[in-house]
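Colleague: The working numbering applies: residue 63 is where the sequence shown begins, and numbers increase by one.
For glycine and all other residues, C-beta sits at the position ideal for the given N, C-alpha and C.
Okay, here's the structure, questions in a sec.
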Amino acid sequence: MSGKHINIALFIPHEGCPHQCSFCNQRSISGAVHKPRAQDVRAAVETALCTRDCTGAELAFFGGSFTAIHRAYMLELLEAASPYVQEGRLAGIRVSTRPDAVGPEVLALLKNAGVTAIELGAQSMNDHVLQANGRGHTAKQVEEASRRIRTLGFALGLQMMTGLPGDTDAGARETLERLLALGPDTMRIYPTIVLEGTSLAEQYRAGGYQPPALEEAVALCAQLLLRCHRAGVPVIRLGLHAGGEVQAGYLAGPWHPAFRELCEGEIYYQRAGDALRLALPQGGRAVLWVAPQAVSQMTGQRRQNIERLKAQGFDCRVQPDAELQKYEIRLERQR
Numbered sequence: 063m064s065g066k067h068i069n070i071a072l073f074i075p076h077e078g079c080p081h082q083c084s085f086c087n088q089r090s091i092s093g094a095v096h097k098p099r100a101q102d103v104r105a106a107v108e109t110a111l112c113t114r115d116c117t118g119a120e121l122a123f124f125g126g127s128f129t130a131i132h133r134a135y136m137l138e139l140l141e142a143a144s145p146y147v148q149e150g151r152l153a154g155i156r157v158s159t160r161p162d163a164v165g166p167e168v169l170a171l172l173k174n175a176g177v178t179a180i181e182l183g184a185q186s187m188n189d190h191v192l193q194a195n196g197r198g199h200t201a202k203q204v205e206e207a208s209r210r211i212r213t214l215g216f217a218l219g220l221q222m223m224t225g226l227p228g229d230t231d232a233g234a235r236e237t238l239e240r241l242l243a244l245g246p247d248t249m250r251i252y253p254t255i256v257l258e259g260t261s262l263a264e265q266y267r268a269g270g271y272q273p274p275a276l277e278e279a280v281a282l283c284a285q286l287l288l289r290c291h292r293a294g295v296p297v298i299r300l301g302l303h304a305g306g307e308v309q310a311g312y313l314a315g316p317w318h319p320a321f322r323e324l325c326e327g328e329i330y331y332q333r334a335g336d337a338l339r340l341a342l343p344q345g346g347r348a349v350l351w352v353a354p355q356a357v358s359q360m361t362g363q364r365r366q367n368i369e370r371l372k373a374q375g376f377d378c379r380v381q382p383d384a385e386l387q388k389y390e391i392r393l394e395r396q397r
């Protein structure tokens, strides 16, 4: 998959999910206050088609466990969306659901309705972490569900979280490896945020949970992002999106409105540092050439990366080179 991933998103807050995960407050995450109906589906699509280029766009049902909602309601939403796919006005329909809610019957129904991509909220591949956070499914169910989805020809999206109670950085890296082994077409990676109205908020206030600092989450998620890049799997979301009621419901944790930008910048900083130490072991001046769209990431927010490298004895300028690919750096020593 290449280019920007385009979704026309409709959120179904906590609809259909039989569990209350430790971190989950879907209303804060999505900002949704009511269930969308068929007319909302049509209105959202028509508005998007009239106001922006929707080439390759998918209609996405997020926020709940789509395949676990009441069957009549699910069919209402799908029947409103399907004509846009059949007419070629949308590329497909994307749904988000749980690993234990994608049996053969519902998958057949989704296929007939024009659903093209299914995302599973795996979150972790450690059963102890899953149990501690009230997920209600196992790592084995993630594997089994993923295989069923791919066998029927759906695009497979997998979602994971970092910093969950009971998890470690090493555990997050292991989770990613196990998820990549399932052959996903896309990934989403979310650092755990403590939101009001969740059991995690209660744990945090009682001193039973301390979320990672922003810098720690950026360092870890930068590693995960680079691993996905090397595996050829696009990360279509890194960190909770700005908007909705996330900021209003935020209590603690590594939330930042430009979290992905921070992670991209960390990758460039680490790679530049490695190259500079090899080429200029005593320090010195250099030009760092990167792809044009990566100049801001290499420079860092408020020139943070350049200042960090300067503190290590490297006086650097950043320049664009259209021949370079993402995360590539060409170093030119200066006198």
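According to DSSP, is E181 part of a helix, a strand, or is it coil?
Modeller: E181 falls in the strand class under three-state DSSP.
Colleague: Could you pull the DSSP bridge partners for R250 from this structure?
Modeller: DSSP, once it has assigned bridges, lists Q221 and R299 as partnering R250.
Colleague: Judging by CA-CA distance, which residue of L242, A105, T237 and R104 is the nearest neighbour of G294?
Modeller: Closest by alpha carbon: L242.
Colleague: Spatial neighbours of A110 within its chain, please: C-beta separation below 8 Å, excluding the five flanking residues on both sides.
Modeller: Hits under 8 Å: I70, C116 and A119.
Colleague: Quick one: what does DSSP say F216 is sitting in, helix, strand or coil?
Modeller: F216: coil per DSSP, three-state reduction.
Colleague: My guess is that W317 and L300 are in contact by the Cβ rule of under 8 Å, so how many angstroms apart are they, rounded?
Modeller: About 12 Å; that fails the 8 Å criterion.
Colleague: Can you check DSSP and say which residues form a bridge with Y312?
Modeller: Paired residue(s): L257.
Colleague: Could you give the distance in angstroms between the alpha-carbon of E141 and the alpha-carbon of A175?
Modeller: E141 and A175: Cα-Cα distance of roughly 7 Å.
Colleague: Would you identify the three-state DSSP class for F85, choosing helix, strand or coil?
Modeller: In the structure shown, F85 sits in coil (DSSP, three-state: anything other than H, G, I, E or B).
Colleague: In the DSSP assignment, the alpha helix (DSSP H) including V380 goes from what residue to what residue?
Modeller: No alpha helix (DSSP H) holds V380; the beta strand (DSSP E) holding it covers F376 to P382.
Colleague: If you draw a straight line from the C-alpha of A163 to the C-alpha of P145, how long is it?
Modeller: Distance between the alpha carbons of A163 and P145: 25 Å.
Colleague: Helix, strand or coil: how does DSSP classify A143 here?
Modeller: Reduced to three states, the DSSP call for A143 is helix.
Colleague: With a cut-off of 8 Å, do at least 3 Cβ pairs link the segment 229-245 to the segment 182-197?
Modeller: In short, these stretches touch, since the Cβ pair count reaches three.
Colleague: Would Q309 be called buried (16 or more neighbouring beta carbons within 10 Å of its own) or exposed?
Modeller: Its Cβ having fewer than 16 others within 10 Å, Q309 is exposed.
Colleague: Using a Cβ-Cβ distance cut-off of 8 Å, determine whether L324 contacts chain B.
Modeller: No chain B is present in this structure, which holds just one protein chain.
Colleague: Whole angstroms is fine: what's the gap from F124's alpha carbon to I155's?
Modeller: Near 11 Å, if we compare the C-alpha coordinates of I155 and F124.
Colleague: Where does L137 sit, in a helix, a strand or coil, going by DSSP?
Modeller: Correct three-state label for L137: helix.
Colleague: Could you have a look at L152 and say whether DSSP puts it in helix, strand or coil?
Modeller: Coil, per DSSP.
Colleague: Look up N69 in the DSSP assignment and give the residues it is bridged to.
Modeller: N69 pairs with E120.
Colleague: Taking Cβ to Cβ, would you say S127 is nearer than 8 Å to L262?
Modeller: No. Outside cutoff.
Colleague: In three-state DSSP terms, what is G294?
Modeller: Coil at G294, not helix or strand.
Colleague: If distances are taken between C-alpha atoms only, which option among Q355, A337, P354 and A353 comes closest to R347?
Modeller: For the residues Q355, A337, P354 and A353, the minimum Cα distance to R347 belongs to A337.
Colleague: Would the beta-carbon of S208 fall within 8 Å of that of L244?
Modeller: A contact, by the Cβ cut-off of 8 Å.
Colleague: For R395, count neighbouring C-beta atoms within 10 Å of its own C-beta (all shown protein chains included) and say buried if the count is 16 or more, exposed if not.
Modeller: Its Cβ having fewer than 16 others within 10 Å, R395 is exposed.
Colleague: Determine the extent of the alpha helix (DSSP H) in which V191 is found, giving its start and end residues.
Modeller: Segment D189 to A194, the alpha helix (DSSP H) holding V191.
Colleague: Could you say which of R392, L214 and L121 lies nearest to V168 if we only look at CA atoms?
Modeller: Nearest C-alpha to V168: L214.
Colleague: Between the C-alpha atoms of Y312 and L192, what's the straight-line distance to the nearest angstrom?
Modeller: Rounded to whole angstroms, Y312 to L192 spans 23 Å at the Cα level.
Colleague: I think V352 touches L386, with their Cβ atoms under 8 Å apart; what is that distance to the nearest whole Å?
Modeller: So it is a contact: roughly 6 Å between Cβ atoms.
Colleague: In whole angstroms, give me the CA-to-CA distance for I91 and T254.
Modeller: Below a pLDDT of 50, predicted positions are generally treated as unreliable, and I91, at 48, falls in that range; the measurement from the model is reported next regardless. So the two alpha carbons sit approximately 12 Å from each other.
Colleague: Compare the C-alpha of L288 against each of Q148, G315, G327 and E258 and name the closest.
Modeller: Closest by alpha carbon: G327.
Colleague: Go ahead and pull the three-state DSSP assignment for D335.
Modeller: The sequence given here has Gly at residue 335, not Asp. Helix.
Colleague: Measuring straight from C-alpha to C-alpha, what distance separates K372 and C378?
Modeller: Approximately 7 Å between the Cα atoms of the pair.
Colleague: Where C290 and D231 are concerned, what is the direct C-alpha to C-alpha distance, given to the nearest angstrom?
Modeller: Roughly 16 Å between the two C-alpha positions.
Colleague: Among Q355, E390 and A122, whose alpha-carbon lies nearest the alpha-carbon of Q332?
Modeller: Checked all of Q355, E390 and A122; the closest Cα to Q332 is E390.
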